[in-house]
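Novice: Here it is: the structure, laid out below.
In my numbering, the protein residues as written are -3 to 319.
If you want it as structure tokens, here you go:
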């Protein structure tokens, strides 16, 4: 079991996953959860902190506190994405983002798509230093990725458990997806809803897929990647039909992928190096060619023979040239 938990992975994979996660945190602040900043204007009496917020305890959000967390977290996340000071910056991002989420989820709604991302932020600082493209393997990094993968799969499995616990079998045969389509469905969802019993079949399929998700750990690598691809396609269909985004979960699910093969900077350098002839990239070579002296004229055919006589007449065979 310990060998499975600490299966060594390339350090380049850790570096790529770290960059992806910290860049997502920065994007999350300005794209997905900028509404958290509005919590500062809500009366403090409505703030009902989560259990962890009551245990610590954390202060009631104020405009100053929320603004400071936003700007500091944005700066630190961008710095952490570079891979510098992985432990110091990593723990700072983890603590600040946790507080950001506590503020976001302490007003009556808790999103379960953030669980795996928070776990990834908690374990990434333990992976140590890693450079993009480094092929040496690390068990500490393997442990960080494995724990994140377990959190991803727990999100699916426990979601199915919650459906059956609170909704019972009626969740499978009820109108859950139909209500979701009415509330926030797209044109594609309207087309799908017209097919008889398709939504009921989809509800059975969702619960079955979530309950069977732990099987991903039992598959060979090739099939495991195929199953992770199915996970991503499931969320693509979810966004296209009922506009529910699981972006934080999808970012954490990249822990299953061989990210060390994704080298955008290397690809960009190769593209720049393939400049067409006649471009600025060829200017140094052309200047060097122009500076070289011209090669000597090749020797004429029959070199060493006597020169032709004046007037251009060739000598008669067997007779000396000249008058």
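Glycine included, every Cβ here is placed at the ideal spot set by N, Cα and C.
Buried or exposed for residue -3, please, with buried defined as at least 16 other CB atoms from any protein chain shown within 10 angstroms of its CB.
Specialist: exposed
Novice: Just the Cα atoms here: how many angstroms apart are residue 206 and residue 157?
Specialist: 9 Å
Novice: Per DSSP, what are the beta-bridge partners of residue 197 in this structure?
Specialist: Note: residue 197 sits in no beta bridge, so no partner.
Novice: So that I know if they touch, is there some Cβ in chain D lying closer than 7 Å to that of residue 130?
Specialist: Absent from the structure: chain D. Only one protein chain is present.
Novice: List the endpoints of the continuous alpha helix (DSSP H) containing residue 175.
Specialist: 172 to 180
Novice: Going straight from the alpha carbon of residue -1 to that of residue 15, what length do you get?
Specialist: 26 Å
Novice: Of the residues 105, 124, 94, which one's Cα is nearest the Cα of residue 115?
Specialist: 94
Novice: Given a cut-off of 7 Å, decide if residue 79 and residue 256 are closer than it, judged by their beta-carbon atoms.
Specialist: no
Novice: Please list, in chain order, all residues of the same chain as residue 131 whose beta carbon is under 6 Å from its beta carbon, the five residues on each side excluded.
Specialist: 6
Novice: In the DSSP assignment, what residue or residues form a beta bridge with residue 133?
Specialist: 6
Novice: Do residue 90 and residue 118 have their C-beta atoms closer together than 7 Å?
Specialist: Yes, the pair counts as a contact, with Cβ atoms nearer than the cut-off.
Novice: Does the distance between the C-beta of residue 30 and the nearest non-hydrogen atom of the ligand MG fall short of 6 Å?
Specialist: As far as ligands go, the structure on display features none, and thus does not contain the ligand MG.
Novice: Pick helix, strand or coil for residue 159, following the three-state DSSP scheme.
Specialist: Note: residue 159 maps to helix in three-state DSSP.
Novice: Along the alpha helix (DSSP H) that carries residue 98, what are the first and last residues, could you check?
Specialist: 82 to 100 is the extent of the alpha helix (DSSP H) around residue 98.
Novice: Residues in its own chain within less than 7 Å of residue 1 by CB, not counting five upstream and five downstream?
Specialist: Within the same chain, residue 1 has close Cβ partners 139, 142.
Novice: Going straight from the alpha carbon of residue 66 to that of residue 88, what length do you get?
Specialist: Answer to the nearest angstrom: the Cα atoms are 13 Å apart.
Novice: Give me the Cα-Cα distance between residue 180 and residue 44, rounded to the nearest whole angstrom.
Specialist: 28 Å
Novice: Give the C-beta separation of residue 237 and residue 196 to the nearest angstrom, bearing in mind that I take them to be a contact with Cβ-Cβ under 8 Å.
Specialist: Incorrect: roughly 15 Å between the Cβ atoms, too far for contact.
Novice: If I measure Cβ to Cβ from residue 125 and keep anything under 7 Å in the same chain, skipping five residues before and after, which residues do I get?
Specialist: 82
Novice: Between residue 112 and residue 245, is the Cβ-Cβ spacing less than 7 Å?
Specialist: yes
Novice: Starting from residue 217 and walking both ways along the alpha helix (DSSP H), at which residues does that stretch end?
Specialist: It spans 217 to 238 - the alpha helix (DSSP H) in which residue 217 sits, taken as one unbroken run.
Novice: Please list the terminal residues of the continuous alpha helix (DSSP H) segment that includes residue 49.
Specialist: 47 to 51
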